[in-house]
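Student:
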Amino acid sequence: MLTYDRINIFWFRRDLRLTDNHGLFRALEAGLPVVCIFIFDKNILDRLENRHDRRVSFIYRQVEKIKNELEQAGSSLLTRYGKPPDIFKDLADHLNIQAVYTNEDYEPEALKRDEDISKLLAAKKIGFNAFKDQVIFSKFEIVKPNGEPYTIFTPYSKKWLAAAESDPGSLQSFPSEKLSACFLKFDPEPLIPLASAGFEEIDPGVRPIKDDPLTLQQYGANRDKLFADATSHAGVHLRFGTISIRDLARKGFQ
Numbered sequence: 003m004l005t006y007d008r009i010n011i012f013w014f015r016r017d018l019r020l021t022d023n024h025g026l027f028r029a030l031e032a033g034l035p036v037v038c039i040f041i042f043d044k045n046i047l048d049r050l051e052n053r054h055d056r057r058v059s060f061i062y063r064q065v066e067k068i069k070n071e072l073e074q075a076g077s078s079l080l081t082r083y084g085k086p087p088d089i090f091k092d093l094a095d096h097l098n099i100q101a102v103y104t105n106e107d108y109e110p111e112a113l114k115r116d117e118d119i120s121k122l123l124a125a126k127k128i129g130f131n132a133f134k135d136q137v138i139f140s141k142f143e144i145v146k147p148n149g150e151p152y153t154i155f156t157p158y159s160k161k162w163l164a165a166a167e168s169d170p171g172s173l174q175s176f177p178s179e180k181l182s183a184c185f186l187k188f189d190p191e192p193l194i195p196l197a198s199a200g201f202e203e204i205d206p207g208v209r210p211i212k213d214d215p216l217t218l219q220q221y222g223a224n225r226d227k228l229f230a231d232a233t234s235h236a237g238v239h240l241r242f243g244t245i246s247i248r249d250l251a252r253k254g255f256q
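First residue of the sequence shown: 3, per the working numbering; consecutive thereafter.
Here it is in structure tokens:
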């Protein structure tokens, strides 16, 4: 199992990739060996009535993919099913953790969860660091001159584009894939079976993303042609972070 004087934890959530992952990059460059974890959140999964949920199967396959990739680097991925505060309390009681790194989530329930976990960890003198990764600009970065949020898309989009063009750093890559030597080396644990959370794995039916230049260039002309395979299929990949939104934005600007 895990044996090391001091480690950092990276918590995968809506960022299921090892490449261009902001929070993972910050964890890996922080100077301590990194252990990665994914938690199948009981609070979320127990509310799902369909035990053959395609989203859950998609997530499970991506988690398995990440675990396999980490094991090729001599590390692995911890997987747990339960309530995140309980999981982190157990980790903090058994491991010498300096800080937990993750990427920001913006939904009310997720914000409350992160606040609770941050307080729990702080009581044990463990840091909690979250980074912007699933968006280019957060909600307070693109606002009206009076500070209020936009409610109409066109003026919002114009300001968004102007901000991205004037600040190349907003699209910068965080090459976490180049820091694989910073993962803690340890013997892998088995991936928890999806059945332990009460689900059966099925084919998620998710198409690979199409981000080639031709698809992007012809999108405006072809998007309303229902007979044509004219879209990028990026939606579900962005939803669960299997691709980098910064990478897609850079390709869009090209």
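For every residue, glycine included, the Cβ atom is placed at its ideal position computed from N, Cα and C.
All of these numbers come straight from a predicted model, not from anything done at the bench.
Could you tell me if F242 is buried or exposed, where buried requires 16 or more neighbouring beta carbons within 10 angstroms of its beta carbon?
Tutor: buried
Student: Indicate the three-state DSSP secondary structure (helix, strand or coil) for N52 in the structure shown.
Tutor: coil
Student: Please name the residue in L196, K212, A251 and K227 whose C-alpha comes closest to that of H54.
Tutor: L196
Student: Rounded C-beta distance between K141 and P151? I'm assuming under 8 Å.
Tutor: Confirmed, Cβ separation roughly 7 Å.
Student: Taking only runs of the beta strand (DSSP E) that begin and end inside the region 14–68, which ones reach a length of at least 3 residues, in chain order?
Tutor: 36–43
Student: Give the secondary structure of I99 by DSSP, where H, G and I count as helix, E and B as strand, and everything else as coil.
Tutor: Note: I99 maps to strand in three-state DSSP.
Student: Buried or exposed: which applies to Q64, given that a residue is buried once 16 or more other Cβ atoms fall within 10 Å of its Cβ?
Tutor: buried
Student: If I'm right that G207 touches D135 with Cβ under 8 Å, what's the distance once you round it to whole angstroms?
Tutor: The pair is not a contact, with the Cβ atoms about 26 Å apart (cut-off 8 Å).
Student: On a CA-only basis, which of S175, G254 and S178 is nearest D214? Give me that one, please.
Tutor: G254
Student: Near I119, what residues of its chain come up, given a Cβ to Cβ distance below 8 Å and the 5 sequence neighbours on each side ignored?
Tutor: P86, P87, F90, V102 and F130
Student: Classify R8 as helix, strand or coil using the three-state DSSP reduction.
Tutor: coil
Student: If the criterion is Cβ atoms closer than 8 Å, does the pair A251 and F42 meet it?
Tutor: no
Student: Going by DSSP, what residues sit across from G129 in a beta bridge?
Tutor: In the DSSP output, where bridge partners are listed per residue, G129 has A101.
Student: Could you check where the beta strand (DSSP E) with L240 kicks off and where it finishes?
Tutor: For L240, no beta strand (DSSP E) segment is defined; the enclosing uninterrupted segment is the alpha helix (DSSP H) at G237 to F242.
Student: Would you call D17 buried or exposed, if buried means 16 or more other Cβ atoms sit within 10 Å of its Cβ?
Tutor: buried
Student: Quick check on R82: does DSSP put it in helix, strand or coil?
Tutor: strand
Student: Find the nearest neighbour of V36 within the set L79, V145 and N105, judged by alpha-carbon distance.
Tutor: L79
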